[in-house]
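Counting from 1, position 89 in the first sequence corresponds to residue 156 in my numbering; the numbering is continuous, with no gaps. For glycine and all other residues, C-beta sits at the position ideal for the given N, C-alpha and C.
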Amino acid sequence: MNEFKISAEDFDLELTMTCGQTFCWHRIEGELYGEGNSKFYTFRNGEPLIVEQQDDKLQVRTNLSEDEVLNALGLNEDLESVFSGFPEDERLEKAREELWGLRIVQDEFFPCLISYLCSPQMRIPRIKEMHNKMAREYGEIREVDGNELLRFPTQEELFEATEEELRELGVGYRAKYIVETLDILQEGFDHSELDSMNYEDAREHMKRLYGVGDKVADCVLLFSKNFHEAYPLDTWALQAVEKHYPEHHSEDYDEASRNLRDYFGENSGYAQEYIFHAARNDIIDV
DNA sequence: CCCCAGGCACCTC
DNA sequence: GAGGTGCATGGG
Numbered sequence: 068m069n070e071f072k073i074s075a076e077d078f079d080l081e082l083t084m085t086c087g088q089t090f091c092w093h094r095i096e097g098e099l100y101g102e103g104n105s106k107f108y109t110f111r112n113g114e115p116l117i118v119e120q121q122d123d124k125l126q127v128r129t130n131l132s133e134d135e136v137l138n139a140l141g142l143n144e145d146l147e148s149v150f151s152g153f154p155e156d157e158r159l160e161k162a163r164e165e166l167w168g169l170r171i172v173q174d175e176f177f178p179c180l181i182s183y184l185c186s187p188q189m190r191i192p193r194i195k196e197m198h199n200k201m202a203r204e205y206g207e208i209r210e211v212d213g214n215e216l217l218r219f220p221t222q223e224e225l226f227e228a229t230e231e232e233l234r235e236l237g238v239g240y241r242a243k244y245i246v247e248t249l250d251i252l253q254e255g256f257d258h259s260e261l262d263s264m265n266y267e268d269a270r271e272h273m274k275r276l277y278g279v280g281d282k283v284a285d286c287v288l289l290f291s292k293n294f295h296e297a298y299p300l301d302t303w304a305l306q307a308v309e310k311h312y313p314e315h316h317s318e319d320y321d322e323a324s325r326n327l328r329d330y331f332g333e334n335s336g337y338a339q340e341y342i343f344h345a346a347r348n349d350i351i352d353v
């Protein structure tokens with residue numbers, strides 16, 4: 068594997084990996100949502116990618132290109148200009164101070180989708196457990212530098228899983244979401260078609276997948292398809308909106324989503340991440 | 001034992 | 001299209 072450094076200003080690797088947006092990255096030595104070192108890995112196109120932060124540089128081991136690494140970590144984005152595009156906003160400003168360096172990753176579509184299919188009525192650490200169990204059972208354990216790295220299964224590999232087997236892994240009623248969605252994917256659902264769509268069409272297209280509603284569609288579009296205007300509205304996010312942005316709140320998902328995208332603009336997904344994480348960490352109250 | 005968790009599909013009306 | 005309901009599993 069190649070080894071190189073890339074500059075990573077305005078970037079907090081630890082925060083980005085552990086804030087709950089991604090289930091596709093893993094901590095080497097330790098649990099992702101627990102204690103451990105500050106070295107993380109994932110796979111892209113079956114290639115391992117290992118990253119460690121050293122101040123404002125990243126130490127990288129991979130055969131992927133530097134561009135692919137930058138893209139995976141959301142580093143090909145100027146964080147300052149993302150924030151300068153937001154309206155003046157007290158809570159966002161506070162979240163910015165506390166969480167500066169948090170970036171939106173770009174995971175691979177398939178593992179991202181399957182993780183979020185598991186997310187309904189589930190706590191974040193347990194979604195991660197499910198992701199890891201599927202990786203162990205249907206993916207690959209690859210040894211790199213004496214570490215056992217988990218590669219999530221490909222679409223074809225996971226297609227072999229039955230609903231019953233998945234239930235035995237503990238994913239509950241979400242097993243049906245996974246097998247039904249895999250059928251639709253195998254029948255020719257091509258996620259690259261999303262790339263040429265506008266956001267609202269893309270969200271509707273995503274909802275053709277079984278188990279994908281507005282919220283899951285938004286997460287997958289935001290964290291794997293570069294739709295930074297997507298503003299995932301889960302129970303936390305919606306509570307925060309109701310309390311702090313009552314003028315944008317609505318019980319209707321589409322309406323609230325439109326209000327928030329109108330208010331925060333083309334990078335409203337970044338606003339969501341900062342506000343969501345701040346709310347969950349008592350930086351701003353809900 | 002009860003409650004709820006980063007919702008969703010499906011059924012009424 | 002709006003509103004109600006069942007859903008697997010584990011932890012508080």
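query	result
Any 3 or more C-beta pairs closer than 8 Å across the stretch 243 to 263 and the stretch 141 to 152	no
Three-state class that DSSP yields for Q88 in the structure shown	coil
Nearest-angstrom Cα separation, counted from R193 out to P220	18 Å
Alpha helix (DSSP H) runs wholly inside the stretch 141 to 196, at least 4 long, in chain order	146 to 151, 157 to 166 and 176 to 184
For K310, the nearest candidate out of S335, F343, G336 and G278 (CA to CA)	F343
Cutoff 7 Å; reference Y337; Cβ partners in own chain excluding five residues on either side	V149, I171 and H295
Simplified DSSP state of L252, which is helix, strand or coil	helix
Minimum C-alpha distance to A75 - residue among D122, L99, R111 and Y108	D122
Every unbroken alpha helix (DSSP H) within the stretch 255 to 337, with a cutoff of 4 residues, ordered by chain	266 to 273, 281 to 291, 302 to 311 and 320 to 331
Every unbroken alpha helix (DSSP H) inside the stretch 198 to 258 [4 residues or more]	222 to 226, 230 to 235 and 241 to 253
Beta carbon of G152 nearer than 7 Å to that of F78	no
Member of E165, D285 and D156 whose CA lies at the smallest distance from the CA of Y67	Outside the shown range of the chain (68 to 353) lies residue 67, about which nothing can therefore be said.
Test item: CB-CB of L80 and Q120 under 7 Å	yes
Exposed unless 16 or more other CB atoms sit within 10 angstroms - verdict on E71	Checking the sequence shown, residue 71 turns out to be Phe, not Glu. That one is exposed.
Identified DSSP bridge partners for L125	I73 and Q120
Rounded Cβ spacing between F90 and K195 (contact assumed at less than 8 Å)	5 Å
According to DSSP, residues forming a beta bridge with H93	Y108
Residues near W303 by beta carbon distance below 8 Å, same chain, minus five either side	F343, A346, R347 and V353
Status (buried if at least 16 other CB within 10 Å, exposed otherwise) for G278	buried
For E204 and T83, the rounded distance between their alpha carbons	27 Å
Cβ neighbours of R270 in the same chain (closer than 6 Å, five flanking residues each side left out)	A284
Closest Cα partner of Y298 within the set H93, D174 and F331	F331
Beta-carbon proximity of W92 to F110, cut-off 7 Å	no
Neighbourhood of M197 by C-beta distance below 6 Å, restricted to the same chain and skipping five residues each side	C185 and V238
Three-state secondary structure assigned by DSSP to E114	strand
Distance, E135 Cα to K292 Cα	14 Å
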